[in-house]
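Participant: Quick mapping for you: the protein sequence lines, in order, are chains A and B. According to this note's numbering, the first sequence is numbered sequentially starting from 13. According to this note's numbering, the second sequence is numbered sequentially starting from 584.
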Amino acid sequence: MMPLWLIPSVPLAGFVVLALCGGRLSPRSVAWLGCGTVAMSFVFALAAAAGFGDAGTLRETVFTWFEAGDLAVDVALYLDPLSLWMTLIVTGVGLLVHIYSAAFMEGDEGFSRYFAYLNLFVAAMLLLVLADNLVVLFAGWEAVGLCSYLLIGHWYGNPENGYAARKAFVVTRLGDVALLIALFVLFAAFGTLDIQPVLEAASGNWAPGAGIALLVGTLVLVGAIGKSAQFPLHVWLPDAMAGPTPVSALIHAATMVTAGVYLIARLHPLFELSPTAMLLVAAVGMITLLIAGLSALVQRDIKRILAYSTISQIGYMFVALGVGAWSAAIFHLMTHAFFKALLFLGAGLVIRHMNGEHDITRMGGLRKAMPFTAAVFTIGAASLAALPLVTAGFWSKESILGAAWEQHAMLWAGAAVGALVTAVYAFRLVFLVFAGEVASERKERAGPALKIPVGLLALLSVVGAVFGAPDLGEEHAAHLLPAIGSSALVLAGVALAWWAFGRGVRRPASGVVASALQSGFRIDALYQAAIVRPYSRLSGWNRRDAVDRMVTGVFAGVSLAMHRALSALQTGRVRDYALGMVFGVVVLVGLGVWTWR
Amino acid sequence: MMAAVPIAHVLTVAAVLFVLGVTGVLIRRNVVFMLMSLEVVLNSAGLAFIAAGQHWGQPDGQVFFILILTLAAAEVSVGLALILQMFRRFGTLDMDAVREMRG
Numbered sequence: 013m014m015p016l017w018l019i020p021s022v023p024l025a026g027f028v029v030l031a032l033c034g035g036r037l038s039p040r041s042v043a044w045l046g047c048g049t050v051a052m053s054f055v056f057a058l059a060a061a062a063g064f065g066d067a068g069t070l071r072e073t074v075f076t077w078f079e080a081g082d083l084a085v086d087v088a089l090y091l092d093p094l095s096l097w098m099t100l101i102v103t104g105v106g107l108l109v110h111i112y113s114a115a116f117m118e119g120d121e122g123f124s125r126y127f128a129y130l131n132l133f134v135a136a137m138l139l140l141v142l143a144d145n146l147v148v149l150f151a152g153w154e155a156v157g158l159c160s161y162l163l164i165g166h167w168y169g170n171p172e173n174g175y176a177a178r179k180a181f182v183v184t185r186l187g188d189v190a191l192l193i194a195l196f197v198l199f200a201a202f203g204t205l206d207i208q209p210v211l212e213a214a215s216g217n218w219a220p221g222a223g224i225a226l227l228v229g230t231l232v233l234v235g236a237i238g239k240s241a242q243f244p245l246h247v248w249l250p251d252a253m254a255g256p257t258p259v260s261a262l263i264h265a266a267t268m269v270t271a272g273v274y275l276i277a278r279l280h281p282l283f284e285l286s287p288t289a290m291l292l293v294a295a296v297g298m299i300t301l302l303i304a305g306l307s308a309l310v311q312r313d314i315k316r317i318l319a320y321s322t323i324s325q326i327g328y329m330f331v332a333l334g335v336g337a338w339s340a341a342i343f344h345l346m347t348h349a350f351f352k353a354l355l356f357l358g359a360g361l362v363i364r365h366m367n368g369e370h371d372i373t374r375m376g377g378l379r380k381a382m383p384f385t386a387a388v389f390t391i392g393a394a395s396l397a398a399l400p401l402v403t404a405g406f407w408s409k410e411s412i413l414g415a416a417w418e419q420h421a422m423l424w425a426g427a428a429v430g431a432l433v434t435a436v437y438a439f440r441l442v443f444l445v446f447a448g449e450v451a452s453e454r455k456e457r458a459g460p461a462l463k464i465p466v467g468l469l470a471l472l473s474v475v476g477a478v479f480g481a482p483d484l485g486e487e488h489a490a491h492l493l494p495a496i497g498s499s500a501l502v503l504a505g506v507a508l509a510w511w512a513f514g515r516g517v518r519r520p521a522s523g524v525v526a527s528a529l530q531s532g533f534r535i536d537a538l539y540q541a542a543i544v545r546p547y548s549r550l551s552g553w554n555r556r557d558a559v560d561r562m563v564t565g566v567f568a569g570v571s572l573a574m575h576r577a578l579s580a581l582q583t584g585r586v587r588d589y590a591l592g593m594v595f596g597v598v599v600l601v602g603l604g605v606w607t608w609r
Numbered sequence: 584m585m586a587a588v589p590i591a592h593v594l595t596v597a598a599v600l601f602v603l604g605v606t607g608v609l610i611r612r613n614v615v616f617m618l619m620s621l622e623v624v625l626n627s628a629g630l631a632f633i634a635a636g637q638h639w640g641q642p643d644g645q646v647f648f649i650l651i652l653t654l655a656a657a658e659v660s661v662g663l664a665l666i667l668q669m670f671r672r673f674g675t676l677d678m679d680a681v682r683e684m685r686g
């Protein structure tokens, strides 16, 4: 059995090398280094999976990070089905995105910087999922946020990209604070932050429904909401599209936004203690999946549609977590990673072909020009829409809907409506981009480095369901009736999309409702008015407060006056200096004579 | 043997010379005259040493006078060199006109 710590440290080493001397390496070796480290990591993860067998769990202490009083933090890694699943998803999808990036970002000014951050991103996410200590997990959690900031702002020359990056960082930071408080509460309660002892102690000491369990659950939920872009902290994700397209694929599929889902799944014994916290999780997921799905219906930017669809799909995972279907959530996380990475990488090909055009209403008929992309993109959209039986997305979404059905028919109904909406916007995208009259005959030029990852992801989007889900110790029966119902809704959604967008009609939606949806229910504007503007006004006042006035007024004034007085002594006339010296000597001699007696 | 000049007289002369020299340094604007006034100051110190050596019958006073003489010679050579440079640079010997170090 090879050591676990190799898995996150190889990409980390790649980051260090690329960050220190990436500028001196040729782009070719940068790409090889960047992809190679993640590939090695993937191979190690596969080896770990092969050696894992049915052993249950594996714990490995690498070193003790720090000890302070009662708190000893070990950098310990923990492998169980859940973290194994996440590791394979992160390294596997991450590897495909890396390979695609090598071709997609070719000739970019910050090529080596890009790969350095990409490697760090993967390393941080691996640390997050493998950590056996909440402090180590939190370190990975923060590093992931940092990397998203760095990569969203990759093209920092444009101030808007910098703004989007800062927005992502600040908004997710709100959730991070809640998570940190949750850690404090857990440490105060149990005196340890190792995940397994904490979970055992919580199950043993806290009565079901205890207030403290609700508190911790809510705080962890807020942390997860920030990272996973759930309502009401989802506003950063659509703006995060400012980054390069493969980065969006990585953020949405493998790293970053899935972290919240993983966190709740990892701490699920805590949530089992508090039905209210579970209900909150489900409610957040339900609200998010509906508002994000509806917003996606009218967006015109191809990447924004995909961003809203990610928010919506993560909403499904939260619903699954909220009804206690932990493995269904991870199952959907996996299939979502496949088809969302596919959709983003496909969108990257489309945008490349259209020379940077993002507006889907200006596209159309691309099926002739780029048949490969059209085919794989349609597969991805079908998987996103959960086309019955033939796609991986169907099986995972159906397992969530089935679990929701068991819990409450209303939850199922909401999720099923969401599925209808998903089908409509997914196929609206396909029809507007690839169907319609042929606009250009220019053939796409995409090399194997672009096509192979996309093709593999397309394959996985169809058959990926065979990997199944990690067993997290819960049972769900299959439900035929709701499955038929939701499948019918999905098919109706596809038909609706065809009726509305597939027949060559391309009239942009207008009206009050459409513009509200376009702006994502004006949540951004609300935050701008309620938080951002008052805050910047407050800080404007604060710039000229009493303390600052004291420093800039009194202190600076006094030292300026003293400076003027001293500098007036420097007349530059030798005779003045001589006079000063004589005067000094007279005084000294006088003093000496005076004190003689 | 000639009657010795009382030391108080010699020291008075030395003090008068010293004050004259210092006053010269302070009020003269021509740098050459400032240098000459400095020489007067040095020589007044030398005179005081001689008088003191005479008074106590010690050779130290004369030794010091020779030292001061050498020092004055060195000082004059450096000082004259500086004056030469100053004249070349500024075209004047007026010390007050040269005040580029004004703060």
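All C-beta atoms in this analysis are idealised placements derived from N, C-alpha and C, irrespective of residue type, glycine included. Here the structure is a predicted model, which means the values were calculated and not measured.
Against chain B, with Cβ distances strictly below 7 Å, would L591(A) count as a contact?
Facilitator: Under the 7 Å criterion on CB atoms, L591(A) is classed as interfacial with respect to chain B.
Participant: Taking one C-beta from the region 152-160 of chain A and one from the region 178-191 of chain A each time, how about it: are there three or more such pairs within less than 8 Å?
Facilitator: The count of Cβ pairs closer than 8 Å, one atom from the region 152-160 of chain A and one from the region 178-191 of chain A, reaches three, so the stretches are in contact.
Participant: May I ask you to list, following chain order, the residues of the region 657-686 of chain B that have a beta carbon less than 8 Å from some beta carbon of chain A?
Facilitator: M678, D679, V681, R682, E683, M684, R685, G686
Participant: So, are the CB atoms of L205(A) and F199(A) less than 7 Å apart?
Facilitator: Yes, they are a contact pair.
Participant: From the DSSP output, which residues share a beta bridge with T76(A)?
Facilitator: D86(A)
Participant: So what does DSSP say about A143(A), is it helix, strand or coil?
Facilitator: strand
Participant: What are the complete alpha helix (DSSP H) segments, minimum 4 residues, inside the region 212-274 of chain A?
Facilitator: 223-240, 248-251, 257-261
Participant: Can you name the residues of chain B whose CB is closer than 9 Å to the CB of R587(A)?
Facilitator: V608, L609, I610, R611, R612, M617, M678, D679
Participant: Return the CA-CA distance between H264(A) and V566(A), expressed in angstroms with no decimal places.
Facilitator: 53 Å
Participant: Check each residue of the region 618-646 of chain B: if its Cβ is closer than 7 Å to any Cβ of chain A, include it; give the result in chain order.
Facilitator: none
Participant: Quick test of the definition: if touching needs 3 or more C-beta pairs under 8 Å, does the region 464-484 of chain A touch the region 418-427 of chain A?
Facilitator: no
Participant: Residues in its own chain within less than 7 Å of V605(A) by CB, not counting five upstream and five downstream?
Facilitator: none
Participant: Let me know the secondary structure DSSP gives N613(B) once reduced to three states.
Facilitator: N613(B) carries a strand assignment under DSSP once its states are collapsed to helix, strand and coil.
Participant: Given a cut-off of 7 Å on the beta-carbon distance, is the pair V296(A) and Q208(A) in contact?
Facilitator: no
Participant: Quick one: using the 10 Å Cβ neighbour count with 16 as the cut-off for buried, is W553(A) buried or exposed?
Facilitator: exposed
Participant: Measuring CA to CA, which of L493(A), A512(A), I237(A) is closest to G414(A)?
Facilitator: L493(A)
Participant: So which of A393(A), E172(A), A337(A) has the shortest CA-CA distance to M290(A)?
Facilitator: A337(A)
Participant: Against V605(B), what residues of chain A qualify as contacts under a CB-to-CB distance less than 8 Å, listed in chain order?
Facilitator: V594
Participant: Once DSSP output is grouped into helix, strand and coil, what is the label at S499(A)?
Facilitator: helix
Participant: Can you round the beta-carbon distance between T103(A) and S53(A) to whole angstroms, since I take them to be within the 8 Å contact cut?
Facilitator: 5 Å
Participant: Take the Cβ of P15(A) as the centre, count every other Cβ of all protein chains shown within 10 Å, and call the residue buried at 16 or more, exposed below.
Facilitator: exposed
Participant: Taking a Cβ distance cut-off of 9 Å, strictly less, list which residues of the region 552-583 of chain A are near chain B, in chain order.
Facilitator: Residues of the region 552-583 of chain A that bring their beta carbon within less than 9 Å of a beta carbon in chain B comprise L578, S579, A580, L581, Q582, T583, in sequence order.
Participant: Do the CB positions of D86(A) and G203(A) come within less than 7 Å of each other?
Facilitator: no
Participant: In the DSSP assignment, find the alpha helix (DSSP H) that holds M346(A) and state where it starts and stops.
Facilitator: 338-365
Participant: Looking only at its own chain, which residues have a Cβ that is under 7 Å from the Cβ of L603(B), when we skip the five neighbours before and after it?
Facilitator: For L603(B), where only same-chain residues beyond five positions count, the Cβ hits under 7 Å are V623.
Participant: Please list the segments of the alpha helix (DSSP H) lying wholly inside the region 85-135 of chain A, counting only runs of 4 or more residues, in order along the chain.
Facilitator: Correct list: 93-116.
Participant: So, with DSSP's three-state summary, where would you put L70(A)?
Facilitator: strand
Participant: Distance, Cα to Cα, L581(A) vs R545(A)?
Facilitator: 51 Å
Participant: To the nearest angstrom, report how far apart R682(B) and N613(B) are at their CA atoms.
Facilitator: 14 Å
Participant: When DSSP labels each residue in this structure, what does D206(A) get in the three-state scheme?
Facilitator: strand
Participant: Measure the beta-carbon distance from A294(A) to L423(A) and round it to whole angstroms, keeping in mind my assumption that it falls under 8 Å.
Facilitator: 6 Å
Participant: In terms of residue numbering, what span does the alpha helix (DSSP H) encompassing R549(A) cover?
Facilitator: 545-554
Participant: Going by the DSSP bridge assignment, what does D617(A) pair with across the sheet?
Facilitator: Coverage of chain A is limited to positions 13 through 609, which leaves residue 617(A) absent and any answer about it impossible.
Participant: Nearest by alpha-carbon distance to H420(A): which of V335(A), A504(A), F343(A), H344(A) is it?
Facilitator: Answer by Cα proximity: V335(A).
Participant: Thinking C-alpha only, which one of P250(A), L130(A), A62(A) is nearest D536(A)?
Facilitator: Ranked by Cα distance from D536(A), the first of P250(A), L130(A), A62(A) is P250(A).
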